[in-house]
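Participant:
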Amino acid sequence: MSKKATEFQKREMSKMYRGKEIFKPLNTGWVDERVACVREWVANIFFYRKGGTTIMIDAGYNYDRLAEKMGWLGIDPQSIRHILITHQDTDHVGAVEADSPGLFRSAKLYIGEIENRYLTGEVRRKVIYHLYKLPQVTINNEKVLLHDGETFEIDGIKIECFLVPGHTWGHMVYLIDDKYLFTGDTLWFGADGGYSFISSLAESNKLAVKSLAALEQKLQSRDLHPLFLTGHTGWTDNFEFAFAHKDKLCSPFRKRVPDPTAPYDAYDESDDTEKMAKSGFLKGMGR
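Residue numbers for the sequence shown, in the working numbering: 72 to 358.
#1: On the criterion of 16 or more Cβ atoms from any shown chain inside 10 Å, does Leu-202 qualify as buried, or is it exposed?
#2: For the beta strand (DSSP E) holding Ala-285, just list the boundary residues, first then last.
#3: Could you check what DSSP says for Gly-241 in three-state terms: helix, strand or coil?
#4: Shortest alpha-carbon distance to Gln-80 belongs to which of Val-198, Val-167 and Leu-320?
#5: Going straight from the alpha carbon of Phe-352 to that of Ser-150, what length do you get?
#6: Tell me whether Gly-145 is buried or exposed, calling it buried when 16 or more other Cβ atoms sit within 10 Å of its Cβ.
#7: Considering only their Cβ atoms, is the gap separating Leu-234 from Val-208 smaller than 8 angstroms?
#8: Determine contact between the segment 209-227 and the segment 102-109, defined as no fewer than three beta-carbon pairs at a distance below 8 angstroms.
#9: Can you tell which of Ser-322, Thr-254 and Glu-231 has the C-alpha that lies nearest to the C-alpha of Ile-247?
#10: On the DSSP bridge list, what partners appear for Ile-128?
#11: Considering only residues of the same chain and omitting the five flanking positions on each side of Leu-258, which have a CB-CB separation below 6 angstroms?
#12: DSSP beta-bridge partners for Lys-229?
#13: Start and end of the beta strand (DSSP E) containing Gly-255?
#14: Could you give the C-beta distance for Gly-241 and Ile-154, rounded to a whole number, given that I count them as a contact under 8 angstroms?
#15: Between the C-alpha atoms of Val-113 and Tyr-338, what's the straight-line distance to the nearest angstrom?
#16: With DSSP collapsed to three states, give me the class of Tyr-189.
#17: If contacts are defined as beta-carbon pairs under 8 angstroms, then Ala-166 and Leu-137 qualify, I think. What distance do you get, rounded to the angstrom?
#18: For the alpha helix (DSSP H) that Lys-346 lies in, which residues bound it at each end?
#19: Indicate whether Ala-315 and Asp-256 have their beta-carbon atoms separated by less than 8 angstroms.
#20: Three-state secondary structure (DSSP) at Thr-301?
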């Protein structure tokens, strides 16, 4: 399924979102000494490195340049033993779906118990305002099912899970070592701050906005100010910027300019090069 879905997204979503200034992914490179990003068209795949362990956050498309771009960062696909999954959409799990090349076949996946119901067929994923049902995703890797508020460790790396339903029913975000928050498709960054993610792709926009507000409260109550790393736009360490428009939706069909610096077609990767990946840390937003 991931191969067909990847080809479909590259072809049709490139047309649908062309010129909408919606997607502005990071290029391949390091955010800082711990976090790296690989760009796959409109999607960001992240890696967290500490000691001798590298954890992958989301698994992108069924994408033929993933191993190559990981090589630019000095990350061997065979070294990946743990992958945190925010949600099961193909642009976040394609590299571990059953029809993928199998770069990460031996990796253990961590996914929310509610989100896993898509994978078992108990629930079907719906998009475009519930007009379309997506095919069921098949993943054969060993899975660890997670629950809201659960904290666990991988080789001394602390990981905390927050359930943020809305984009999907079981979407998780991951707080690593109390410093880095990987938000998947919960947050979308425009030029003027964070919004709830793209309205047409949500299971429930009302719930997505509610979840985003709850996430902000949880972080504030513990005085946590992490780096926010998004699935399809950039990153920021500015808390106020991240939640600037938490009660509003990113809509691709309204003529409100979200980010005039976004590429006309984010599926064009001509600016994502090995030279750029090795030229210094990736810039944040709202700084």
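C-beta atoms are modelled at their ideal positions from N, C-alpha and C, and glycine is treated no differently.
Facilitator: Short version:
#1: exposed
#2: Looking at the DSSP string, Ala-285 is not in any beta strand (DSSP E); the run it does join, the alpha helix (DSSP H), is 276-292.
#3: coil
#4: Val-198
#5: 23 angstroms
#6: exposed
#7: no
#8: no
#9: Glu-231
#10: Phe-117 and Leu-155
#11: Gly-265 and Thr-301
#12: Glu-224
#13: 251-255
#14: Not quite, the Cβ-Cβ distance comes to about 16 angstroms (not below 8 angstroms), so this is no contact.
#15: 6 angstroms
#16: helix
#17: 6 angstroms
#18: 345-348
#19: no
#20: strand
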